[in-house]
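Protein chains in written order, with the working numbering: chain Y, 1 to 370; chain X, 371 to 523. Glycine is no exception: its CB is placed at the ideal position from the N, C-alpha and C atoms. Below you'll find the structure, written out as structure tokens, and then a few comments.
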């Protein structure tokens, strides 16, 4: 299978199959045994052929030194076989994975367990490729691995699409936020201001003629202004940009309590302003989590805590309500968008919930000095 | 004041029974800013209603406030689930069907209050139940007139 190089490089897997097959007739006289042996060896050779055709295959010794690579391995890594054999996998290390990832992999396979995962590698020409990898340790009589077989399949395209999707998602969320900002400002500064100047004109008329019907109209206009303001606030509070996330959340909670009748305890140790993106994400995640509580938790109280932990910010939204099955696959748009928002700035979102005990949503985002 | 409150409660209980409802509440417009709050409730499962301020257009009560006429929401509505999740009272009281009626002291007068009725197990309000609620609104109207007089004293 290694074509013309076959005689230079050992096959390692099923090494002597062809040789054995050729010699069997001369040594074994029992016809059934001969037949079975031939069939088994043929099967072994077929399986190896199929494996080499389908996957990127490598075999290393107990220390990780490469003993065998198939053509697909050479093709994707762009290394000639002779540069790979005798080396270890560091030659194709992309530097993408941290130490913990690598030591986790090694401790698993050296204890004799199969490891599965996705690895980013670097080819000889400097390009990167992703492989979905299964590493199978082969164990000797003492129970320690003497050889590792790694079977890989390329998933670079899949990874690229995944990253693209992630980027698209975060862009969609940003565009949505930007549109909200525009609409909110337009409502507040445009229509809101026009109505206000209408009010002033009415006041002048009322001043001239106190008993006129305009007084009644004035009341209507006042309540329209109130509605426009509250709409602008709901779409995106300008306080978020002007004073920061904590004042915005405080007002949000006041409105939330008077709307849903749910009291919310707010604690915060955040004393500084964060980036506009971080503040927006914190605000939206708290908003989404509290809305979920109002809709599903069936409680009268909830708690929000924003903690400044120097290197990161932790936001915790907690209730002691109904809870839900976190393993169920049907995630609402809300949970999905919270996760996407967190990921888009290198943060993460943890949701733990237990039926009858309540739900805790924890958002952690890295904190940058401004 | 205690008298009229008891009267409100008595009438709410009666309307609740007559309309086979589990929950009934009365909202009053308490100030010139036209903000409506729930004054009292019968069959409530918690006190969340006391903290609520009804805003025009928000939830079923807010819809009645905006439209100036009675409204209902039950599983006959094509977007029942979504509409229900937008109604704070239905969420707080775990209601599956609800109806809201504006209360005017006299026909043609501006609205002064709202009656909210809701069912937890039942999923629909039938025509005769709606009619019964409307026919009994006058009781709340006379309570409210009394209440206003008390407040003036």
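If you measure between the beta carbons of residue 487/X and residue 393/X, is that distance less than 8 angstroms? The residue given as residue 487/X occupies position 117 in the second chain. The residue given as residue 393/X occupies position 23 in the second chain. Contact: yes.
Residues of chain Y with CB closer than 8 angstroms to the CB of residue 514/X, please, in chain order. Position 144 of the second chain, counted from the first residue, corresponds to residue 514/X. Within chain Y, no residue comes near residue 514/X; the closest Cβ sits about 21 angstroms away, beyond 8 angstroms.
So, is the C-beta of residue 227/Y closer than 8 angstroms to a C-beta in chain X? Position 227 of the first chain holds residue 227/Y. With 8 angstroms as the cut-off, residue 227/Y counts as an interface residue toward chain X.
Please look up how many angstroms separate the CB atoms of residue 389/X and residue 503/X, rounded, as I've assumed it's under 8 angstroms. Indexing the second chain from 1 puts residue 389/X at position 19. Indexing the second chain from 1 puts residue 503/X at position 133. Right, their Cβ atoms sit about 5 angstroms apart.
Could you check whether the Cβ of residue 298/Y sits closer than 8 angstroms to any Cβ belonging to chain X? In the first chain, the residue the question calls residue 298/Y occupies position 298. For residue 298/Y, the answer is yes, since a Cβ of chain X falls inside 8 angstroms of its Cβ.
Residues from the segment 247-263 of chain Y in contact with chain X, defined by Cβ distance under 8 angstroms: 257, 258, 259, 260, 261, 262, 263
At 7 angstroms on the CB atoms, spell out the chain X contacts of residue 342/Y, in chain order. As a position in the first chain, residue 342/Y is number 342, starting the count at 1. Result: empty, since nearest Cβ-Cβ is about 24 angstroms, beyond 7 angstroms.
Of the residues 278/Y, 349/Y, 151/Y, 253/Y, the one placed nearest residue 53/Y, counting alpha carbons only: Counting from 1 along the first chain, the entry for residue 53/Y is found at position 53. For the residues 278/Y, 349/Y, 151/Y, 253/Y, the minimum Cα distance to residue 53/Y belongs to 151/Y.
Helix, strand or coil at residue 10/Y according to DSSP, with G and I counted as helix: Along the first chain, read from residue 1 onward, the residue named residue 10/Y stands at position 10. Coil at residue 10/Y, not helix or strand.
Would you say residue 230/Y lies against chain X (beta-carbon separation less than 8 angstroms)? On the first chain, position 230 is the one that residue 230/Y refers to. So, interface residue.
State yes or no: is the C-beta of residue 366/Y within less than 8 angstroms of the C-beta of residue 312/Y? Here residue 366/Y refers to the residue found at position 366 when the first chain is read from its first residue. Here residue 312/Y refers to the residue found at position 312 when the first chain is read from its first residue. For residue 366/Y and residue 312/Y, yes; Cβs fall inside 8 angstroms.
By the 7 angstroms beta-carbon criterion, what residues does the segment 281-297 of chain Y contribute toward chain X? 294, 295
Which residue from 85/Y, 62/Y, 40/Y, 63/Y puts its Cα closest to that of residue 69/Y? In the first chain, residue 69/Y corresponds to position 69, counting from 1. The shortest C-alpha separation from residue 69/Y is found at 85/Y.
I'd like the span of the beta strand (DSSP E) that includes residue 115/Y, first residue to last. In the first chain, the residue the question calls residue 115/Y occupies position 115. Residue 115/Y -> beta strand (DSSP E) spans 115-122.
Would you check if the distance between the CB atom of residue 110/Y and the CB atom of residue 145/Y is smaller than 8 angstroms? In the first chain, residue 110/Y corresponds to position 110, counting from 1. In the first chain, residue 145/Y corresponds to position 145, counting from 1. Going by C-beta atoms, residue 110/Y is nearer than 8 angstroms to residue 145/Y.
When we look at the beta-carbon of residue 273/Y and count the other beta-carbons within 10 Å, is it buried (16 or more) or exposed? In the first chain, residue 273/Y corresponds to position 273, counting from 1. Looking at its Cβ environment, which holds fewer than 16 other Cβ atoms inside 10 Å, residue 273/Y is exposed.
With distances taken from CA atoms, which of 107/Y, 244/Y, 200/Y is nearest residue 64/Y? Against the first chain, residue 64/Y aligns to sequence position 64. Among 107/Y, 244/Y, 200/Y, the Cα nearest to that of residue 64/Y is on 107/Y.
Between which two residues does the beta strand (DSSP E) containing residue 60/Y stretch? Translated into positions along the first chain, residue 60/Y becomes position 60. Here the beta strand (DSSP E) through residue 60/Y covers 56-61.
For residue 380/X, count the other beta carbons within 10 Å of its own beta carbon; 16 or more makes it buried, fewer makes it exposed. Which is it? Working through the second chain from its first residue, we reach residue 380/X at position 10. So residue 380/X ends up on the exposed side.
Tell me which residue opens and which closes the alpha helix (DSSP H) that residue 458/X is part of. For the purposes of this step, residue 458/X is taken as the residue at position 88 of the second chain. Residues 458-462.
Can a CB atom of chain Y be found closer than 8 angstroms to the CB of residue 490/X? The count along the second chain starts at 1 and reaches residue 490/X at position 120. Answer no: the Cβ-Cβ gap between residue 490/X and chain Y never drops below 8 angstroms.
Mapping the DSSP letters down to three states, classify residue 65/Y as helix, strand or coil. Translated into positions along the first chain, residue 65/Y becomes position 65. Coil, per DSSP.
Under the three-state reduction of DSSP, which class applies to residue 370/Y: helix, strand or coil? Sequence index remark: in the first chain, residue 370/Y carries index 370 (1-based). A caution first: residue 370/Y carries a pLDDT of 48, below 50, which makes its placement in the model too unreliable to give a value.
CB contact check: residue 418/X to chain Y, cutoff 8 angstroms: Against the second chain, residue 418/X aligns to sequence position 48. Cβ-Cβ to chain Y under 8 angstroms: yes for residue 418/X.
With a cut-off of 8 angstroms on the beta carbons, I'd call residue 510/X and residue 483/X a contact; round off their distance for me. Walking along the second chain from the start, residue 510/X turns up at place 140. Walking along the second chain from the start, residue 483/X turns up at place 113. Indeed they touch by this definition, with Cβ atoms about 7 angstroms apart.
Report, in whole angstroms, the separation of the C-beta atoms of residue 470/X and residue 431/X, which I expect to be a contact under 8 angstroms. The residue given as residue 470/X occupies position 100 in the second chain. The residue given as residue 431/X occupies position 61 in the second chain. Contact holds; Cβ gap of about 5 angstroms.
Residue range of the unbroken alpha helix (DSSP H) whose run includes residue 247/Y: By one-based count along the first chain, residue 247/Y stands at place 247. Per DSSP, residue 247/Y belongs to the alpha helix (DSSP H) from 245-260.
Can you tell me where the beta strand (DSSP E) holding residue 147/Y begins and where it ends? For the purposes of this step, residue 147/Y is taken as the residue at position 147 of the first chain. 145-154 is the span of the beta strand (DSSP E), which, as asked, contains residue 147/Y.
What number of angstroms, rounded off, separates the C-alpha of residue 218/Y from the C-alpha of residue 344/Y? What you label residue 218/Y is simply residue 218 of the first chain in a count that begins at 1. What you label residue 344/Y is simply residue 344 of the first chain in a count that begins at 1. Roughly 47 angstroms separates the two Cα atoms.
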